[in-house]
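One structure is given here, and the rest of the page talks about it.
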Amino acid sequence: MSAPEEEPAANPDVQKAVEKETQHHEISKEQLLTSREPSSSIGNSSMGMRRFDSLDIESCKFPAHLFKVNWRVVFHLAFQSIGIVFGDIGTSPLYVFPSTFAENRIKHSDDILGVLSLIIYTLTLLPLFKYVFILLHATDNGDGGSTALYSLICRYAKVGLIPSQQPEDVHVSNFKIDVPSNRVLRASVLKSKLEESNFAKYFLLFATMLGTSMVIGDGILTPCISVLSAVRGIKTKSHHMNEDAVVWVSVGILICLFMVQRLGTDKVGFAFAPIICIWFASISSIGVYNFLKHDPTVFKALNPQYIVDYFRRNKKDAWKSLGGIILAASALIIAYAGQAAFLTEHPHSVENTFFDSIPDPCFLPVFVVAVLAAIIASQAMISATFSTIQHSVALGCFPRVKIIHTSANFAGQVFVPEVNNMLMLACIAVTLGFRNTGKIGDAYAIAVVTVMVLSSGFLVMIMILIWKTNILLIASYIIVIGTIEVVYFSSVLYKFNQGGYLPLFFSLFLVGIMYVWSNVYRKKYHHELRHKISPGKIKEIIEDTSFSRLPGLAIFYSDLVHGIPPIFRHYASNVPVLHSVLVFVSIKSISISRVSAEERFLFRHVEPRSLLVYRCIVRYGYNDVQNDEHELFETILLERLCDFIREDFWATNLVGQDQPAPENTESLDEDDNTKEKRNPGTNVTEKKEEIDREIESLNKAIQAGVIHLVGESEVVAGKGSGIVKKFMIDYVYGFLRRNLTRSERVFEIPHKRMLKVGMTYEL
1 MSAPEEEPAA NPDVQKAVEK ETQHHEISKE QLLTSREPSS SIGNSSMGMR
51 RFDSLDIESC KFPAHLFKVN WRVVFHLAFQ SIGIVFGDIG TSPLYVFPST
101 FAENRIKHSD DILGVLSLII YTLTLLPLFK YVFILLHATD NGDGGSTALY
151 SLICRYAKVG LIPSQQPEDV HVSNFKIDVP SNRVLRASVL KSKLEESNFA
201 KYFLLFATML GTSMVIGDGI LTPCISVLSA VRGIKTKSHH MNEDAVVWVS
251 VGILICLFMV QRLGTDKVGF AFAPIICIWF ASISSIGVYN FLKHDPTVFK
301 ALNPQYIVDY FRRNKKDAWK SLGGIILAAS ALIIAYAGQA AFLTEHPHSV
351 ENTFFDSIPD PCFLPVFVVA VLAAIIASQA MISATFSTIQ HSVALGCFPR
401 VKIIHTSANF AGQVFVPEVN NMLMLACIAV TLGFRNTGKI GDAYAIAVVT
451 VMVLSSGFLV MIMILIWKTN ILLIASYIIV IGTIEVVYFS SVLYKFNQGG
501 YLPLFFSLFL VGIMYVWSNV YRKKYHHELR HKISPGKIKE IIEDTSFSRL
551 PGLAIFYSDL VHGIPPIFRH YASNVPVLHS VLVFVSIKSI SISRVSAEER
601 FLFRHVEPRS LLVYRCIVRY GYNDVQNDEH ELFETILLER LCDFIREDFW
651 ATNLVGQDQP APENTESLDE DDNTKEKRNP GTNVTEKKEE IDREIESLNK
701 AIQAGVIHLV GESEVVAGKG SGIVKKFMID YVYGFLRRNL TRSERVFEIP
751 HKRMLKVGMT YEL
């Protein structure tokens with residue numbers, strides 16, 4: 001029996017939360033677009049036009065059409081995904097059975113069927129039911145992962161910790177905010193609780209950081225266990241191959257793997273796809289061969305009674321074996337059925353089940369393909385790690401490292417040089433240190449299960465807050481999937497001292513870095529927000545008789561979204577020369593995967609207009625290319641600035657006298673003391689001449705030369721700060737900033753036209 005969709009208000013606080021949520025101010029796209037007229041229509045009548053904030057106009061300027069994807073592109077990406085995504089799915093048969101049975105010993109013949117039954121139902125309930133049928137729908141415009149789910153929640157509840165939100169962000173075409181209704185009070189209650197609780201905000205951020213760190217840890221462990229398991233197969237046929245040789249061959253393969261990452265996901269994935277196809281065909285064929293030759297009755301394991309009997313016989317050992325079984329959550333049942341059939345006749349071959357089960361004539365080609373498949377499986381997690389780092393950088397949770405987009409045709413394929421080098425060193429260290437797939441498997445299992453549990457937590461929040469799912473379905477998910485994942489999680493934690501500590505060590509280290517960076521970055525942002533320069537002060541500085549205006553255009557970069565950064569005052573007090581046109585640019589990431597080019601730039605005049613000072617916010621999603629080609633970025637920015645000057649003329653001066661301007665349209669300058677004064681009766685011809693003069697001044701400034709001023713604000717702990725705060729700000733954050741972030745590298749700013757402006761903040 002389903003729960004009723006409509007729930008009565010339990011108390012006044014609940015009703016208040018719903019009423020607050022339903023007060024949603026939204027200007028329709030059609031209204032905004034009809035309020036604009038092209039420059040060629042200057043002479044047309046202005047009656048009936050309504051004045052809107054210029055940022056509202058810019059934020060809704062996008063083509064109203066659906067993008068069509070050519071089937072060849074779809075086929076190309078699908079084929080490429082076989083080499084990148086599905087590589088990790090197919091290699092777990094190399095190490096699941098050896099990681100499941102304690103001491104590589106089978107105590108009872110039916111234990112094989114019990115383990116196979118666990119594998120079958122684990123694959124059915126977790127990858128198939130949870131991920132394919134449910135979690136794939138909880139995406140941020142097609143992007144998944146902890147950071148994508150966190151971004152999705154941030155769009156529906158104000159749980160972000162950096163105060164850079166703008167009303168115009170909700171008008172981006174793929175932002176998609178729904179207004180909760182009285183029918184589903186729990187969504188409004190949860191939203192209200194999240195927004196009012198600082199603990200909830202920090203906990204969500206911590207959970208996102210932990211999930212991100214575990215994925216990165218997975219990116220370290222997957223290459224190690226996959227390559228080691230594959231290379232170790234040669235020992236089954238060659239007794240001259242000792243353990244040291246296996247380890248060093250694995251290290252050599254890992255080095256080669258990371259060296260080819262700079263070629264890009266597109267080329268690597270497309271080259272690897274045929275190999276993975278051969279690999280899947282191989283393990284399926286071997287599975288069918290072993291199934292028919294040794295024991296066709298192993299599919300009795302479809303009966304879950306074998307799971308019950310397995311736990312009844314082995315008790316604690318059965319629970320401990322779950323840590324190995326969870327590794328099967330990414331593979332093929334037919335391969336495991338074949339290995340189980342082989343083990344029924346060869347129970348002593350647990351340690352090398354996969355390679356021992358290969359028919360002798362096929363061993364060498366399958367071994368070669370297995371090594372190649374292991375390399376490709378590693379590639380899958382390395383690519384995922386790069387994407388995860390990109391998301392974290394965009395959310396302000398990771399130092400702003402250089403992110404290279406490796407494909408001009410397909411978005412989201414990235415390479416991070418610094419992270420690639422660190423992953424390579426970490427993989428080499430783990431391989432040389434552990435030398436054993438069993439211990440690495442224990443560590444790998446903890447990383448996998450932790451990500452599963454965290455994704456379920458985010459998914460339940462999305463069910464309540466966004467999907468507004470029936471409460472009985474939510475409870476069913478928690479009881480079934482949640483219970484299974486908690487049981488698996490308890491099993492892998494039991495092996496903490498056998499190698500399970502490794503991903504937790506990696507994660508705590510990475511979470512520490514991410515926390516320090518995000519915390520200090522947030523403090524720095526608040527400091528700049530408190531000390532920002534008002535438009536009145538800008539006018540006072542520029543009109544100072546001691547200043548001279550130099551022909552040219554200066555683009556001043558800063559992180560501050562609301563207002564002019566205090567570093568400009570520092571610059572003006574030391575350099576008494578200002579360019580004839582100033583553009584203050586803020587690079588902002590919003591909690592969506594991509595922002596279309598038409599919606600990217602938001603502009604505003606700094607009054608009075610005769611100063612020729614503008615503010616600009618450049619909005620990016622966490623999967624967008626940020627200034628990969630700066631010359632192109634500069635050209636587009638200046639073109640959009642010219643468009644803005646013309647459009648702002650219509651929005652500001654051609655307002656119908658019988659239509660008052662709407663309320664709540666201010667965004668960036670909502671706290672500024674000076675506001676633009678409207679004059680509906682201004683002569684159109686005179687205003688057109690004024691706009692032409694402004695654009696002419698802008699063009700002259702561009703021709704005189706464009707210079708890029710980059711604010712390099714350092715932060716130090718204030719006087720009287722404690723030891724922990726000093727260590728976190730002066731040493732950890734300072735080290736990360738000096739060694740990982742360089743503005744000119746990140747934004748590809750030409751060195752010949754760049755000037756750094758330094759300033760020190762005491763936090």
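Just so we're aligned: 682 in full-length UniProt numbering is position 682 of the sequence shown, and the numbers increase by one with no gaps anywhere. Heads up, the beta-carbon is just placed ideally off N, CA and C, and yes, glycines get one too. Computed from a prediction, not measured in an experiment: that's the story for all the values here.
query	result
Separation of Ile-283 from Phe-355, as counted between CA atoms	11 Å
Contact under 9 Å by Cβ, Val-606 with Ile-555	no
Option nearest Leu-529 by Cα separation, candidates Leu-190, Ile-106, Cys-642, Val-561	Val-561
Every unbroken beta strand (DSSP E) inside the segment 483 to 512 [3 residues or more]	none
Start and end residues, beta strand (DSSP E) containing Ile-707	706 to 716
Residues that DSSP places opposite residue 786 in a beta bridge	The requested residue 786 does not occur in the structure, where the chain is confined to residues 1 to 763.
Which residues DSSP lists as bridging Lys-756, in chain order	Val-710
Nearest to Ile-375 (by Cα), restricted to the options Val-249, Leu-508, Thr-469, Phe-633	Val-249
His-579 vs Ile-695 beta-carbon contact at 9 Å	no
Chain-order list of residues whose beta-carbon lies under 7 Å from that of Phe-386 (same chain, five-residue window excluded)	Val-414, Phe-415, Val-416, Val-419
Distance between beta carbons of Tyr-761 and His-570, contact taken as under 8 Å	With 8 Å as the limit, His-570 and Tyr-761 do not qualify as a contact, their Cβ atoms being about 10 Å apart.
Leu-128 and Ala-138 closer than 9 Å at C-beta	no
Among Tyr-622, Asp-143, Val-371, Val-448, the one whose alpha carbon lies nearest that of Phe-489	Val-448
Local conformation of residue 819 per DSSP, three classes	Not covered by the structure: residue 819. The range shown for the chain is 1 to 763.
Bridge-paired residues (DSSP) for Leu-578	Arg-549
Pairwise C-alpha distance: Ala-475 and Lys-191	19 Å
C-alpha distance - Cys-616 paired with Leu-709, whole-angstrom precision	14 Å
Collapsed DSSP secondary structure at Gly-533 in the structure displayed	According to the sequence displayed, residue 533 carries Ile and not Gly. Residue state, collapsed to three classes: strand.
Test: Ser-490 CB closer than 9 Å to a CB of chain D	Judged by its chain identifiers, the structure shown contains no chain D, having just a single protein chain.
Three-state secondary structure assigned by DSSP to Phe-52	Unreliable positioning characterises Phe-52 in this predicted model, as indicated by a pLDDT of 38, which lies under 50. The coordinate reading is nonetheless provided below. Looking at Phe-52 - three-state DSSP - the assignment turns out to be coil, as it is neither helix nor strand.
Contacts around Ile-253, its chain only, beta-carbon distance under 6 Å, and the 5 residues preceding and following it disregarded	Val-227
Contact under 9 Å by Cβ, Pro-565 with Phe-584	yes
Option in Leu-638, Pro-98, Gly-219, Met-209 with minimal Cα separation from Ile-428	Gly-219
Three-state class that DSSP yields for Arg-435 in the structure shown	coil
Length of the line joining the Cα atoms of Ala-717 and Leu-641	39 Å
CA nearest to the CA of Ser-558, picked from Lys-588, Ile-358, Ile-276, Ala-701	Lys-588
Pro-4 to Arg-186 span [Cα, whole Å]	Any reading at Pro-4 is ruled out, since the residue's pLDDT is 36, under 50, leaving its predicted position unreliable.
Rounded Cβ spacing between Ile-325 and Thr-122 (contact assumed at less than 8 Å)	6 Å
Secondary structure of Asp-692, DSSP reduced to three states	helix
First and last residue of the uninterrupted alpha helix (DSSP H) at Arg-313	305 to 314
CB-CB length for Asn-623 against Gln-379, believed under 8 Å	Contact flag wrong, Cβ pair sits at about 19 Å.
Sufficient close CB pairs (3 or more, under 8 Å) joining the segment 499 to 519 to the segment 208 to 222	yes
Same chain only: Cβ atoms within 8 Å of Leu-612, ignoring 5 sequence neighbours per side	Ser-580, Val-581, Leu-582, Glu-694, Ser-697, Leu-698, Ala-701
Beta-bridge pairing of Phe-603 - partner residues as DSSP gives them	Cys-616
For Ser-573, three-class secondary structure by DSSP	helix
Same chain, Cβ closer than 6 Å to Arg-594, neighbours up to 5 away in sequence not counted	Gly-621, Asn-623, Asp-624
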